[in-house]
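Following: one structure in structure tokens, then a few remarks.
In UniProt numbering, the protein residues as written are 1 to 89.
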């Protein structure tokens, strides 16, 4: 599988999120930390990428053993990406 998506280098507004159980916290120019709205627990990261001229949302989580963020997939909406993080805990 070849990934042709590029990370957007420009600062972006907070992605639209319609999920009441989650909140976003900026972690980089195109990177957002996903936290539980109830207790502030970190769930993972949401990265905004550009693929084939369209904006996509990549769900990522830090993996301590390899010391890097691991991608769970790319989605058309921020809600879909964040929901995958919640369901994969």
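No residue lacks a Cβ here, since even glycine has one placed at the ideal position from N, Cα and C.
- According to DSSP, residue 32 shares a beta bridge with 26 and 46.
- For residue 61, the enclosing beta strand (DSSP E) has its first and last residue at 54 to 63.
- Between residue 27 and residue 53, the alpha-carbon positions lie close to 24 Å from each other.
- Closest option to residue 38, judged by alpha-carbon separation, among 49, 51 and 22: 22.
- Nearest to residue 36 by C-alpha distance, out of 19, 30, 81 and 48, is 19.
- Of all alpha-carbon atoms in 76, 13, 61 and 77, the one lying nearest the alpha-carbon of residue 70 is that of 61.
- Around the CB of residue 30, 16 or more other CB atoms lie within 10 Å, so the residue is classed as buried.
- Looking at the backbone, the Cα of residue 25 and that of residue 59 are separated by about 14 Å.
- Here residue 38 is not bridged, per DSSP, to any residue.
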